[in-house]
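Residue numbers (this note's numbering): 2 to 311.
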């Protein structure tokens, strides 16, 4: 079949005549006049160099050549009819592979709940956590290397779709039996202590030092690490003090012998958001994943609020 010379709408005409054995019935189905159907049949006969359908006492009957074409044409029309239609999303049956960026805090605080939910509702789905520096996330979203980015970011472009998940804040953490810091943390103690901090390219958490600089304050940072989650372990056996997201502090205060304090100067809270590219915005599989992330982070926020009021 030379598709470059064939109007594909003629295939619909062929299929309708083949099924109805009637030009008038085919015309009604396709919303055409009977002369238009007759003209389309004439074009089909010319293109395929075959009568295709002949008039009998039992209607328009296909020739053997038309019989050999019919099944293939029906399959082709079925395939073309599905082009552009969104596929139904089934959580139970999907085998989708989600690629997510989330930092180590989120992996410890949020991902266990998200993974539990996905494992229960979409048991055949796969998740990969993509390891990136914060300053690599925008390009990864734009290139399609990640489907969803979760966390605290600065300078996200306007094309990035976003949803605020919750607000959080910073806390200061030290080991429980710290020799200088007891049941409260003063500004003097904070400034005289040695500090550990999270440090990596493009980190938005430089806000601590930026705030201190505006207040004409400085701290003695003796340890820098590229993973937030390492800091609670490191201070549990040292006299360092660290300023970390409250989520991480609360998680590790139940596992390690550390204590948490509000910072001794005002530090702005910050928002955890999820970001995605426009091309994933309307896709049901990704809409579902984002709804799971939102639901689980909201549950975490409620848990923290209850602990804070206890």
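Note that CB positions come from ideal geometry on N, CA and C, so glycine has one too. All values derive from a computational prediction rather than experimental measurement.
Note down, one range per segment and in chain order, each beta strand (DSSP E) of at least 3 residues found wholly within the region 259 to 301.
-> 259 to 262, 271 to 277, all fully within the region 259 to 301.
Sequence ranges, alpha helix (DSSP H) only - wholly within the region 183 to 214, length at least 4 = Within the region 183 to 214, the runs of alpha helix (DSSP H) that reach at least 4 residues and sit entirely inside it are, in chain order, 188 to 193.
Proximity of residue 18 and residue 42 at Cβ, strictly below 8 Å = In this structure, residue 42 lies closer than 8 Å to residue 18 by Cβ.
Residues sharing a beta bridge with residue 227, DSSP | Looking at the DSSP assignment, residue 227 forms no beta bridge with any residue, so it has no partner.
Nearest-angstrom Cα distance between residue 69 and residue 28?
-> Going by the C-alpha atoms only, they are around 23 Å apart.
8 Å Cβ cutoff met for residue 106 and residue 306 = It is not a contact, given that the beta carbons lie outside the stated cut-off.
Residues near residue 295 in its chain [Cβ-Cβ closer than 7 Å; skip 5 each side] | Around residue 295: 164, 166.
Could you check what DSSP says for residue 89 in three-state terms: helix, strand or coil?
-> Correct three-state label for residue 89: coil.
Compare the Cα-Cα distances from residue 116 to each of 303, 297, 209 and report the closest residue.
-> Looking at 303, 297, 209, the one whose alpha-carbon comes closest to that of residue 116 is 297.
In whole angstroms, what separates the C-alpha of residue 236 from that of residue 187?
-> Approximately 18 Å, taken between the alpha carbons.
Can you say whether residue 36 is buried or exposed, counting buried as having 16 or more other CB atoms within 10 angstroms of its CB?
-> Exposed, because fewer than 16 other Cβ atoms sit within 10 Å of the Cβ of residue 36.
Which one or two residues does DSSP pair with residue 43 in a beta bridge?
-> Residue 43 is not bridged to any residue.
Among 276, 14, 291, which residue has its Cα nearest to the Cα of residue 152?
-> Cα-wise, what sits closest to residue 152 is 276.
For residue 209, which of 159, 77, 244 has the nearest alpha-carbon?
-> For residue 209, the nearest C-alpha among the options comes from 244.
Candidates 265, 299, 286, 223: which alpha carbon is nearest residue 248's?
-> Looking at the Cα atoms, 299 is the closest of the given residues.
Beta-carbon contacts of residue 13 that lie in its chain and below 6 Å, excluding the five residues immediately before and after = Result list for residue 13: empty, nothing under 6 Å.
Close-in-space but distant-in-sequence residues of the same chain around residue 64 (CB under 8 Å, 5 per side omitted) | 51, 52, 53, 54, 55.
Any alpha helix (DSSP H) of 4 or more consecutive residues that is wholly inside the region 112 to 196 | Within the region 112 to 196, the complete alpha helix (DSSP H) runs of at least 4 residues are 112 to 122, 138 to 144, 188 to 193.
8 Å CB neighbourhood of residue 201 in its chain, flanking five on each side removed | The beta carbon of residue 201 is closer than 8 Å to those of 134, 135, 227 in its chain, skipping five residues each way along the sequence.
Report yes if the C-beta of residue 12 is less than 7 Å from at least one heavy atom of the ligand GTP; otherwise report no.
-> Annotation note on the ligand GTP: not contained in the displayed structure, which lists no ligands.
Span of the alpha helix (DSSP H) holding residue 18?
-> In the DSSP assignment, residue 18 falls within the alpha helix (DSSP H) that extends over 10 to 21.
Less than 8 Å between the CB atoms is what I'm expecting for residue 1 and residue 101, so what's the real figure, rounded?
-> Because residue 1 is not part of the residues shown, which for the chain are 2 to 311, the question remains open.
Residue 96 in three-state terms, based on DSSP = If DSSP states are grouped into helix, strand and coil, residue 96 belongs with coil.
Opposing strand residues paired with residue 63 [DSSP bridges] = Per DSSP, 54.
Evaluate the contact criterion for the region 211 to 226 versus the region 188 to 196: three or more CB pairs, one atom per stretch, below 8 Å.
-> Short answer: they touch.
Runs of alpha helix (DSSP H) lying entirely within the region 230 to 258, each at least 4 residues, in chain order = Entirely contained in the region 230 to 258, the alpha helix (DSSP H) runs reaching 4 residues are, in chain order, 231 to 236, 247 to 254.
Give the range of the alpha helix (DSSP H) segment to which residue 25 is assigned.
-> From DSSP, the alpha helix (DSSP H) with residue 25 extends over 24 to 31.
Determine, using beta-carbon pairs with one atom in the region 263 to 270 and one in the region 280 to 295, whether at least three such pairs fall under 8 Å.
-> With a cut-off of 8 Å, the region 280 to 295 and the region 263 to 270 do not count as touching, because too few Cβ pairs lie within range.
N-terminal and C-terminal residue of the alpha helix (DSSP H) that residue 109 is part of = Residues 105 to 110.
On the DSSP bridge assignment, give the partners of residue 351 in chain order.
-> The chain is shown from 2 up to 311; residue 351 falls before or after that span and cannot be answered.
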